[in-house]
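Everything on this sheet refers to the single structure shown next.
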Amino acid sequence: MKNILFVASECLPFVKTGGLADVVGSLPKTLDKEYYDCRVILPLYSFMPQKWKDMLTYHSHFYMDFNWNSYYVGIMECEYEGVHYYFIDNQDYFTCDRPYDGMPYDIGRFAFFDKAALSILPSIGYRPDLIHCHDWQTGLIPVYLNSSFQENEFYRGIKTVMTIHNLKFQGIWDVRTLKDIVGLPGYYFTPDKLEYNRDGNMLKGGMVYADAITTVSNTYAEEIKMPYYGEGLDGLMRARSNSLRGIVNGLDYEEWNPAIDKNIYANYDVKSVIEGKAKNKEALQKELGLTVDPDVMLIGIVSRLTDQKGFDLIAYVMDEMCQDAVQFVILGTGEERYENMFRHFAWKYNGKVSAQIYYNEALAHKIYAASDAFLMPSQFEPCGLSQLMSLRYGCVPIVRETGGLKDTVEPYNEYEGTGTGFSFTNYNAHEMMNTVRYAEKIFYDTKPAWNDIVTRGMEKDFSWKNSALQYQEMYDWLIG
Ligand code: ADP
Ligand code: GLC
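The working numbering numbers the first residue of the sequence shown as 1 and each following residue consecutively.
Right, dumping it as structure tokens:
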């Protein structure tokens, strides 16, 4: 039996802001339980819904030196769907309304979390053979493990994997403050280690000290070796390219299954998708105040409203696109200018555009089920799960060819009758709009061809099966 420990800042069903939570919430339960004892450590955020807090039981607590103080580290635990979860309790660091409050709060919050995650291991009597770290919030784990923790026999030989879900966020703060907070010796803050451009960088630390680095698609693994996508770390990516690989994300096929999904208005599968989608579309149009029209092409967007997702392209041509026979439904929160932009278009094109500016899991399911197409023109996309959800729900993705979007959406080829979606190459608003219009043409003029695209998409397998095997192979290889 091999012990694999996941440490992350978000995880379904407890807390989610984006795809990271989907991945950390679904990969551990797909690993082969006969060979792997996989457990997960998360922060116990004060805002976590009471229903989940009620599931937790107290394990133990101790005090830990951190940032010139001695801090309470409480350990709470629960078992959920066959996976053992530990939650680190500390009110100074985890009393908040959301996981990320910006710098410098987040630096303290997650540096504390990383040290605590390592420190609780002897108390819970679980020695991982490998710690799988996710994103910058856990970047200090490989670094701490390399430092004072080595003095304790318990920690020696533990392997680490650093998975990059989004290179944009790195946990950066000036060296002096960072060094003070995290309590690592000065020699860790040199350009070959945690320093970058005279700042301290937590993700960089993780990447330097982890035994292996992965990211969430093959294309993104290649892209981040180039300056355009490398967010300043492309040199390090190239230097560590032998230890860097892409493993595309899977989707939780139990959670995301239109045949049994309790969140949607009518269940359907690949054989009944036409009628099923029609029912879902009508109900969603009614619920959101869109003009009820079974024939109109409904385009969905479910997303964090940030630059990453290509909303400046949409802003540029939204008026023009709204002249077409289409409806838009948007569910998302994020940057104010995009929230206001969609509110504006919903007001201007009342009945044609619906803007739902909040976070709602159930509505997300309804949108994938009701929409004919899903628009995701990302500037960069490490993997993307929304397009996988769309494919599974017979909602045709229209994407930019980048990162995981390129690896998971096969562009429609009308001559060969192949493909599962529509895509464009350049980050250009008119190229995007032309692609949307090409999709409209297929939708309205050649319905059988459209329906075949839907079917091919639904028949693709993006469950965790294949990707979990690749992670397992990597774990075995590293642990030896
Ligand atoms: P990212 O992790 O960059 O945000 P992904 O496509 O990997 O992008 O994952 C986004 C996840 O978050 C999907 O599960 C999507 O359905 C969900 N999501 C994003 N915004 C919302 C929202 N406002 N309400 C519900 N779900 C949302
Ligand atoms: C990040 C990326 C997204 C990816 C998700 C899960 O949030 O932006 O592309 O799907 O992590 O790996």
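In this text, a Cβ means the ideal position worked out from N, Cα and C, and glycines have one as well.
Between the alpha carbons of M297 and A468 lies a distance of about 36 Å.
When Cβ pairs closer than 8 Å are counted between the two stretches, the region 282-299 is seen not to touch the region 402-413, the count staying below three. V454 sits close to G394, with the two beta carbons spaced by under 9 Å. Note that the region 246-260 touches the region 23-39; at least 3 beta-carbon pairs, one per stretch, sit closer than 8 Å.
For R400, the enclosing beta strand (DSSP E) covers residues 396-400.
In this structure, DSSP gives G419 a state outside helix and strand, which the three-state scheme calls coil.
Cβ-Cβ distances below 7 Å link K460 to L391, T420 in the same chain, with the five nearest sequence neighbours on each side left out; the list follows chain order.
Looking at the backbone, the Cα of P13 and that of L244 are separated by about 29 Å. Within the same chain, Cβ atoms closer than 8 Å to the Cβ of I141 are found at V7, D114, A117, L118, I131, C133, T160, G206, the five residues on either side in sequence being excluded. According to DSSP, L313 shares a beta bridge with no other residue. Within the same chain, Cβ atoms closer than 8 Å to the Cβ of F189 are found at V175, L178, K179, E195, G200, the five residues on either side in sequence being excluded.
Assignment of R392 by DSSP, reduced to helix, strand and coil, places it in the helix class. With respect to W136, M202 sits close: the two C-beta atoms are nearer than 9 Å. Residue pairing by DSSP places N69 opposite F66 in a beta bridge. Around G82, the same chain offers K29, K33 as residues with beta carbons nearer than 8 Å, after the five sequence neighbours per side are excluded.
As summarised for the region 51-125, the continuous alpha helix (DSSP H) elements at least 4 residues long and confined to that stretch are 91-94, 105-119, 121-124, given in chain order. Looking at the backbone, the Cα of L331 and that of D192 are separated by about 42 Å.
Within the DSSP bridge table, the entry for P43 names I88 as partners. In chain order, Y72, V73, G74, I75 place their CB closer than 7 Å to the CB of H61, counting only its own chain and leaving out the 5 sequence neighbours on each side. The beta carbon of Y100 is closer than 6 Å to those of D106 in its chain, skipping five residues each way along the sequence. One Cα belongs to S46, the other to D97, and the distance between them is close to 7 Å. Note on the region 261-336: whole beta strand (DSSP E) runs with a minimum of 3 residues are 297-305, 326-334, in chain order.
Under the 8 Å Cβ criterion, the region 145-165 counts as touching the region 209-224, having at least three qualifying pairs.
Excluding residues up to 5 positions away in sequence, L130, K159, V161, D211, A212 lie with their Cβ nearer than 8 Å to the Cβ of L478 in the same chain. Per DSSP, K352 lies in no alpha helix (DSSP H) segment and is marked neither H nor E. Only residues of its own chain outside the window of five on either side were considered, and among them M297, I299 have a CB closer than 6 Å to the CB of V326, listed in chain order.
For the pair Y229 and C383, the CB atoms are not nearer than the 9 Å cut-off. Between R39 and N3, the C-beta spacing is below 9 Å. Listed in chain order, the non-local C-beta contacts of Q323 below 8 Å within the same chain number zero, local neighbours out to five positions each way being set aside.
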